[in-house]
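Taken in order, these protein sequences are the chains called Y and C.
Straight run, no breaks: the first sequence in my numbering ends on number 207.
Straight run, no breaks: the second sequence in my numbering ends on number 290.
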Amino acid sequence: MTRPRDPASVAVAAALKGGVTLALGLLAAGLAAAALRGQPLPTEAVELGRVLPLALAGDAAGLLSLGLLALLATPAVRVTVLAYQFARAREWRMLAVTALVLAVLAFSLLSGRGEA
Amino acid sequence: MIRKSPPPRMLECGMERFAAIAFIGAGAGLLGSMVGLGGGIILIPAMTLALGVPIHHAIAAGLVAVIANSSMASSGNVRDEVTNVRLGMALETATTVGAVAGGTAAAFLDRALLSAIFAVFLLLNAAYLLLRPAPPEAAPAGGAGRGLLDGRYHDPSLRREVSYRVTRLPVGLAVSALAGAVSGLLGIGGGPIKVPMMTGVMGVPIKAAAATSNFMIGVTACASAALYYRRGMVSPAVAVPAALGATVGAWAGSKLAARAKGAHLERLLAAILSVLAVKMALSVWRGA
């Protein structure tokens, strides 16, 4: 079949592949940093606000937390990419559906403070 | 009941423990992907029972592994347009709400109750593996639909384009919410709920249903994984080796699946799930 590929599908596939590749790279860098310094892996992920500065400083916990966050964010990024594609194609009903999913994901991220 | 924080020693990770978690993750990913259940359903109880990982942290690690596997596997299916992206997005409105509800509920359940629920779910999955009907060889002749969510894809094994009409969306949304709640509560993908629902109720061919379910799993897991991260339950010492191992195992499983005898594998996995269910139930009974 030589039917032209749907641009939305191509963009989503690229977002998924790119997100996983980035996440695995960061996790590998974090593991290497921990091994080089002879540190055990951290038992707790770094708080959101401290992740980037620690990762940029080459800290193992920061790199591993950033890698995990990149992995967790990959599905959210692909939803955002789809929203953009639906907006471009003027598929307003699908854009509304996608925006609803993004709203639930945002609620989850912002309401996750618990009783741990 | 409010969950108590786990003893830190149970999360510590030296080289041996890293290898043990990665090994369990690889085995779970291999077996799970070969029979289409995903790795989390073996990974979580195995880490809890064999290594003493607290179940809330094992569930969080399972969600991370689920996202890695779903994102990797979905990339190819989306590119080849086997995945019905629009149907997946529509059902995700329900799975994400269910996942947030399940993930929130999990924080208020103590380890024993969560383990007991997991044991029951393991037994249900073992029964599903033994009793599920074989998927049809050919896609149904559903006819080309023109609805917003109807789909079509090229099936190389049939050497033709398969078109189908999506039906009974309200039922699909209700069942998807349930699948999302189970995913958020127990850290697994929910494929055994969504795939039969899409094929049996919504008229989606098995290949498109499996690909669309896998596509949805990542976003569903993302919704509850964020809750677990904010609560400090995503432990790099557990989640990183589990995700890496499960990803490698799932990749190997996808390569081996075509050569393996499906019926034997399903019986093996059903036996493993039953043993894990009994062990989890016993651990609850003994107060471990």
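Glycine is no exception: its CB is placed at the ideal position from the N, C-alpha and C atoms.
| Check | Outcome |
| --- | --- |
| Say whether chain Y places a C-beta atom closer than 7 Å to the C-beta of Leu229/C. | yes |
| Give me the chain Y residues within the contact set of Arg88/C, using Cβ-Cβ distance strictly less than 7 Å, ordered along the chain. | Met185 |
| Once the 5 residues before and after Phe25/C are set aside, which same chain residues still bring their CB inside 6 Å of it? | none |
| Ser2/C bridges to which residues according to DSSP? | There is simply no residue 2/C to check, as chain C begins at 3 and stops at 290 in what is shown. |
| Using a beta-carbon distance below 7 Å, is Thr112/Y in contact with chain C? | no |
| Report back the beta-carbon spacing between Ala181/C and Gly100/C to the nearest angstrom; my notes put them in contact at under 8 Å. | 7 Å |
| In chain order, what residues of the same chain have a beta carbon less than 7 Å from the beta carbon of Ala174/Y, not counting five sequence neighbours either side? | Leu186, Thr189, Ala190, Leu193 |
| Based on the DSSP secondary-structure assignment, which residues constitute the bridge partners of Gly153/C? | Tyr166/C |
| Given Glu83/C, which residues of its chain have a CB within under 6 Å of its CB, disregarding the five upstream and five downstream residues? | Tyr155 |
| Starting from the C-beta of Gln130/Y, find all residues in its chain whose C-beta is less than 6 Å away, skip the five residues before and the five after it, and write them out in chain order. | Ala151 |
| Go ahead and pull the three-state DSSP assignment for Ile195/C. | helix |
| The alpha helix (DSSP H) with Pro47/C in it runs from where to where? | 42-53 |
| Inspect the beta-carbon positions of Pro292/C and Phe20/C and report whether they are closer than 7 Å. | It is not possible to answer for residue 292/C, since the shown part of chain C is limited to 3 through 290. |
| For the structure I just gave you, are there three or more beta carbon pairs, one from the segment 59-79 of chain C and one from the segment 219-239 of chain C, closer than 8 Å? | yes |
| Measure from the alpha carbon of Leu275/C to the alpha carbon of each residue in Ser256/C, Gly54/C, Leu33/C, then state which is nearest. | Leu33/C |
| Name, going along the chain, the residues of the segment 122-134 of chain Y whose beta-carbon falls closer than 8 Å to a beta-carbon of chain C. | Leu122, Pro131, Leu132, Pro133, Thr134 |
| Entirely within the segment 135-199 of chain Y and at least 4 residues each: give me those alpha helix (DSSP H) ranges in chain order. | 139-147, 151-179 |
| Report the neighbours of Pro166/Y on chain C: residues whose CB is nearer than 7 Å to its CB, in chain order. | Ile69, Ser73, Gly220, Val221, Cys224 |
| Give the residues of chain Y in contact with Thr95/C, contact being defined as C-beta atoms less than 8 Å apart. | Val188, Leu191, Val192, Val195 |
| Taking 8 Å as the limit between beta carbons, can you name the residues of its chain near Ala178/Y, skipping five residues before and five after? | Leu186 |
| Are there 16 or more other CB atoms within 10 angstroms of the CB of Ser1/C, so buried, or fewer, so exposed? | Summary: the structure shown does not reach residue 1/C, with chain C confined to residues 3 through 290, and so no result is reported for it. |
| Is any heavy atom in the ligand GDP found nearer than 6 Å to the beta carbon of Val277/C? | Ligands displayed in this structure: none; no statement on the ligand GDP is therefore possible. |
| Taking the alpha helix (DSSP H) that Thr106/C belongs to, which residues open and close that run? | 87-110 |
| Look up Arg128/Y in the DSSP assignment and say whether it is helix, strand or coil. | coil |
| How would you list, in chain order, the residues of chain C whose beta-carbon sits under 7 Å from the beta-carbon of Val103/Y? | Val80, Val87 |
| Taking 7 Å as the CB-CB cut-off, is Ser76/C touching chain Y? | yes |
| Excluding sequence positions up to five away, which residues of its chain have a Cβ less than 6 Å from the Cβ of Met92/Y? | Here the model assigns Met92/Y a pLDDT of 48, short of 50, so the residue's position is not dependable and the matter cannot be decided. |
| Give me the Cα-Cα distance between Ala109/C and Pro56/C, rounded to the nearest whole angstrom. | 13 Å |
| Counting only beta-carbon atoms, is Gly215/C nearer than 7 Å to chain Y? | It should be noted that the sequence gives Ser, not Gly, for residue 215/C. False, the Cβ-Cβ gap to chain Y never drops below 7 Å. |
| On the CB-based measure, 16 or more other CB atoms within 10 Å of its CB, does Pro238/C come out buried or exposed? | buried |
| Cα-Cα, which of Glu94/C, Leu53/C, Gly40/C, Ile46/C is closest to Leu116/C? | Ile46/C |
| Can you tell which of Thr134/Y, Leu159/Y, Ala180/Y has its C-alpha closest to the C-alpha of Thr112/Y? | Leu159/Y |
| Beta-carbon of Gly34/C versus every beta-carbon of chain Y: anything under 7 Å? | no |
| Report the residue ranges of all alpha helix (DSSP H) runs contained in full by the segment 225-284 of chain C; include only those spanning at least 4 residues, in chain order. | 238-258 |
| Check whether the Cβ atoms of Leu139/Y and Ala146/Y sit closer than 7 Å, and answer yes or no. | no |
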